[in-house]
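Residue numbers (the working numbering), protein chains in the order written: chain A, 27 to 214; chain B, 27 to 214.
There are 2 protein chains.
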Amino acid sequence: MVSRPLATLAYALLGLIQRAPLSGYALMKTFQTTPMRQYSGSPGAVYPALRKLERGGLIRGVVERQRSLRPRRVYCLTSRGREALRRWLAPPVTVEDVALRERELMLRFALMDGVLPPSQIDRFLTTMSESLDGYATSIEPFLDARSMSTHARLALESGLEGLRGRAAWARRAEQQLRTTRRRGRKRS
Amino acid sequence: MVSRPLATLAYALLGLIQRAPLSGYALMKTFQTTPMRQYSGSPGAVYPALRKLERGGLIRGVVERQRSLRPRRVYCLTSRGREALRRWLAPPVTVEDVALRERELMLRFALMDGVLPPSQIDRFLTTMSESLDGYATSIEPFLDARSMSTHARLALESGLEGLRGRAAWARRAEQQLRTTRRRGRKRS
DNA sequence: AAAGGCATGTAAGGTGTTACATGATTGT
DNA sequence: ACAATCATGTAACACCTTACATGCCTTT
């Protein structure tokens, strides 16, 4: 029996903790003070999510300031947590992903370096640009439907531009990462 | 006491019903078969939302096929519903909106024609492009932060391109609507 | 007569939001 | 001494997803 996937916020927490052990408060502040704020930074979401991750054995909280009434917990990833993170990061991008879960996709990309090997990062970007192009092509015909009002058409155009733009970005990112890696190898 | 705002799905339903009376099933199909599918089209979301709107007096369901065990309800907007829709559509766009509620914004734009006067549509697009530029400028400095990994930087670049692109779209849309209106007036 | 689409709905479960509450520590 | 920030948490509520259930109608 495969345990059900976690919420996006839970993966964001795993990904941040993976880079460095952090307290709940530090995690919240990361959300509140950076462009990651889309992934939510209210205490009512973060603390319960951390509790749940700890109950599931994906993170482990070490209590500093023991004797205090208000202990401070710093969380580390466990090996099971690292595994869960990898299983979320690794799969190729589907059309469903780009149609309905764009934010989660960008979060995955932002958190995958140092966790996935270059080959899987390349696959992520390749399947991402393919899926974006495929989805864009599949909704383009709606532009011609006479049922569309001017506003609906303009809104759809905005969406299509976004899809095409992100596809181009994915291709550029793949190129850039490749050359960066080459330079890295030369230098070493 | 001002009643709390409705969920995005509820406004999507109001907006669609406003154009033409529709049944719950027809609304669901609209979501499932068009790019509006991002706004969700599962029966478990749509039917309870319609019930709630009817309880609140924003829509009224007329039952066809009375004597059947499975009646078919066709919903119409009430004047209170039209008012609620307008109150959701009318406000100027804020930075919070573009940072956290981009989808809702595009839905608002797609549904506002025929409901808001041109002046308010213009204001929507003007404040939208301003807010997009403002938000983009506010997160640009993060590109230079040394704490950003290559992946985080690339993800942020993608986000910034999206913001700039939508700002350009909003300006283009405003121009286009203006000229369309002029042509419309000339012809009449 | 069976299949598939029309058409409506409920139940369980998880997740998030808002608002509130508590206490410690640091700076002025 | 006071305010702000650090730091953690709970409770109420709303909402959505998934899965299931029901029955009608049309086509093959």
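Cβ coordinates follow ideal geometry from the N, Cα and C atoms, glycine included.
query: Validate contact between the segment 152-162 of chain A and the segment 98-117 of chain B using beta carbons, cut 8 Å, 3 pairs; result: no
query: Same chain, Cβ closer than 6 Å to A:Ala6, neighbours up to 5 away in sequence not counted; result: Residue 6 of chain A is absent from the model: chain A starts at 27 and stops at 214.
query: Residue from B:Gly83, B:Ser66, B:Ser49, B:Val121 with nearest C-alpha to A:Gln64; result: B:Val121
query: Among A:Met138, A:Leu133, A:Glu166, the one whose alpha carbon lies nearest that of A:Leu35; result: A:Leu133
query: Rounded Cβ spacing between B:Leu103 and B:Gln44 (contact assumed at less than 8 Å); result: 5 Å
query: A:Glu128, buried or exposed, once every other Cβ within 10 Å from all chains shown has been counted against 16; result: buried
query: Residue ranges of each beta strand (DSSP E) within the segment 48-76 of chain B, 3 or longer; result: none
query: Nearest to A:Trp195 (by Cα), restricted to the options B:Gly41, B:Asp170, B:Gly185; result: B:Gly185
query: Contacts of A:Ala38 in chain B (Cβ-Cβ under 9 Å); result: Near A:Ala38 there are no residues of chain B at all, since even the closest Cβ is about 12 Å away, more than 9 Å.
query: Alpha helix (DSSP H) segments (min. 4 residues) lying fully within the segment 128-152 of chain B; result: 128-137
query: Test: B:Pro61 CB closer than 9 Å to a CB of chain A; result: yes
query: Outcome for B:Val72 when other beta-carbon atoms lying within 10 angstroms are tallied against a minimum of 16; result: buried
query: C-beta atoms of A:Phe135 and B:Leu76 nearer than 9 Å; result: no
query: Chain B residues whose Cβ lies nearer than 7 Å to that of A:Glu233; result: Coverage of chain A is limited to positions 27 through 214, which leaves residue 233 of chain A absent and any answer about it impossible.
query: Contact list for A:Asp139 against chain B, beta-carbon separation under 7 Å; result: Ser175, Thr176, His177
query: B:Leu103 (DSSP reduced to helix, strand or coil); result: strand
query: Spatially closest choice to B:Thr153 from B:Thr60, B:Val119, B:Leu48, B:Ala110, by CA coordinates; result: B:Val119
query: Where A:Gly87 sits in the DSSP three-state scheme; result: strand
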